[in-house]
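Asker: In this note's numbering, the protein residues as written are -2 to 84.
Here it is, the structure, as C-alpha coordinates.
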(Lines of atoms letter the chains of each structure in order from A and count residues from 1; the text may use other names and numbers.)
(Lines give C-alpha, C1' and ligand atoms only; values in the text may rest on other atoms or scores of the structure.)
Protein backbone atom coordinates (compact mmCIF):
# COMPACT_ATOMS: atom_id res chain seq x y z
CA UNK A 1 0.00 0.00 0.00
CA UNK A 2 1.39 3.37 -1.01
CA UNK A 3 1.15 6.28 1.38
CA UNK A 4 -0.20 9.42 -0.29
CA UNK A 5 2.22 12.35 -0.50
CA UNK A 6 2.10 14.85 2.33
CA UNK A 7 0.39 18.15 1.73
CA UNK A 8 2.28 21.33 2.62
CA UNK A 9 0.11 21.66 5.74
CA UNK A 10 0.78 18.06 6.80
CA UNK A 11 4.52 18.53 6.27
CA UNK A 12 4.46 21.72 8.32
CA UNK A 13 2.64 19.89 11.12
CA UNK A 14 5.11 16.99 10.91
CA UNK A 15 8.03 19.42 11.17
CA UNK A 16 6.47 21.07 14.23
CA UNK A 17 5.92 17.73 15.95
CA UNK A 18 9.44 16.50 15.15
CA UNK A 19 10.84 19.66 16.70
CA UNK A 20 9.32 18.66 20.04
CA UNK A 21 10.26 15.15 21.20
CA UNK A 22 7.88 15.59 24.15
CA UNK A 23 4.90 16.11 21.81
CA UNK A 24 2.20 13.46 22.42
CA UNK A 25 2.18 12.59 18.69
CA UNK A 26 5.97 12.42 18.32
CA UNK A 27 6.14 8.63 17.84
CA UNK A 28 3.31 8.74 15.29
CA UNK A 29 5.17 11.50 13.44
CA UNK A 30 8.27 9.30 13.36
CA UNK A 31 6.17 6.47 11.95
CA UNK A 32 4.79 8.81 9.29
CA UNK A 33 8.30 9.94 8.48
CA UNK A 34 9.43 6.37 7.85
CA UNK A 35 6.60 6.02 5.30
CA UNK A 36 7.54 9.24 3.54
CA UNK A 37 8.67 8.97 -0.07
CA UNK A 38 11.29 11.71 -0.35
CA UNK A 39 10.68 11.84 -4.09
CA UNK A 40 7.32 13.48 -3.35
CA UNK A 41 9.11 16.45 -1.75
CA UNK A 42 10.78 19.39 -3.38
CA UNK A 43 14.50 19.59 -2.64
CA UNK A 44 13.82 22.67 -0.47
CA UNK A 45 11.24 20.81 1.62
CA UNK A 46 13.56 17.82 1.93
CA UNK A 47 16.32 20.14 3.15
CA UNK A 48 13.99 21.77 5.70
CA UNK A 49 12.81 18.40 6.97
CA UNK A 50 16.38 17.09 7.10
CA UNK A 51 17.55 20.08 9.16
CA UNK A 52 14.69 19.63 11.63
CA UNK A 53 15.33 15.92 11.81
CA UNK A 54 19.05 16.46 12.41
CA UNK A 55 18.24 18.61 15.46
CA UNK A 56 15.76 16.03 16.70
CA UNK A 57 18.31 13.21 16.33
CA UNK A 58 20.86 15.22 18.31
CA UNK A 59 18.34 15.82 21.10
CA UNK A 60 17.17 12.21 21.21
CA UNK A 61 20.72 10.89 21.21
CA UNK A 62 21.41 12.99 24.31
CA UNK A 63 18.21 12.06 26.11
CA UNK A 64 18.12 8.39 25.02
CA UNK A 65 14.32 8.42 24.74
CA UNK A 66 14.30 6.10 21.71
CA UNK A 67 15.58 2.61 21.10
CA UNK A 68 18.74 2.04 19.09
CA UNK A 69 16.61 0.75 16.20
CA UNK A 70 14.46 3.89 16.19
CA UNK A 71 17.54 6.11 16.19
CA UNK A 72 19.04 4.08 13.34
CA UNK A 73 15.83 4.49 11.33
CA UNK A 74 15.89 8.23 11.99
CA UNK A 75 19.48 8.46 10.83
CA UNK A 76 18.66 6.53 7.65
CA UNK A 77 15.75 8.84 6.92
CA UNK A 78 17.93 11.82 7.65
CA UNK A 79 20.56 10.62 5.17
CA UNK A 80 17.94 10.01 2.48
CA UNK A 81 16.58 13.52 2.96
CA UNK A 82 20.07 14.98 2.95
CA UNK A 83 20.92 13.24 -0.32
CA UNK A 84 17.65 14.25 -1.95
CA UNK A 85 17.75 17.82 -0.68
CA UNK A 86 21.20 18.40 -2.13
CA UNK A 87 20.04 17.65 -5.69
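The beta carbon of each residue, even a glycine, is placed where N, CA and C say it ideally should be.
Where do the ends of the alpha helix (DSSP H) carrying residue 5 lie?
Answerer: Counted from its first residue, the chain shown places residue 5 at position 8. Note, residue 5: alpha helix (DSSP H), 5 to 15.
Asker: Does the beta-carbon of residue 52 have 16 or more other beta-carbons within 10 angstroms, so that it is buried, or is it exposed?
Answerer: Position 55 of the chain shown, counting from 1, holds the residue named residue 52. Residue 52 is exposed by the Cβ-count criterion.
Asker: Considering only C-alpha positions, which residue in the set 67, 68, 8, 66 is nearest to residue 35?
Answerer: Translated into positions along the chain shown, residue 35 becomes position 38. The shortest C-alpha separation from residue 35 is found at 8.
Asker: Among residues of its own chain, excluding the 5 on either side of residue 70, which ones have a beta-carbon nearer than 7 Å to its beta-carbon?
Answerer: Sequence index remark: in the chain shown, residue 70 carries index 73 (1-based). Closer than 7 Å at the Cβ level, and outside the excluded window around residue 70, lie 31.
Asker: Would you check if the distance between the CB atom of residue 27 and the CB atom of residue 49 is smaller than 7 Å?
Answerer: Translated into the one-based positions of the chain shown, residue 27 becomes position 30. Translated into the one-based positions of the chain shown, residue 49 becomes position 52. No.
Asker: Shorter than 7 Å from the beta carbon of residue 42 to some beta carbon of chain D?
Answerer: The chain labelled as chain D is not found in the depicted structure, where only one protein chain is given.
Asker: I believe residue 18 touches residue 57 by the beta-carbon criterion, under 8 Å. Please report the beta-carbon distance rounded to the nearest angstrom.
Answerer: The sequence position of residue 18 within the chain shown is 21, counting from 1. The sequence position of residue 57 within the chain shown is 60, counting from 1. Residue 18 to residue 57, Cβ: 6 Å. Contact.
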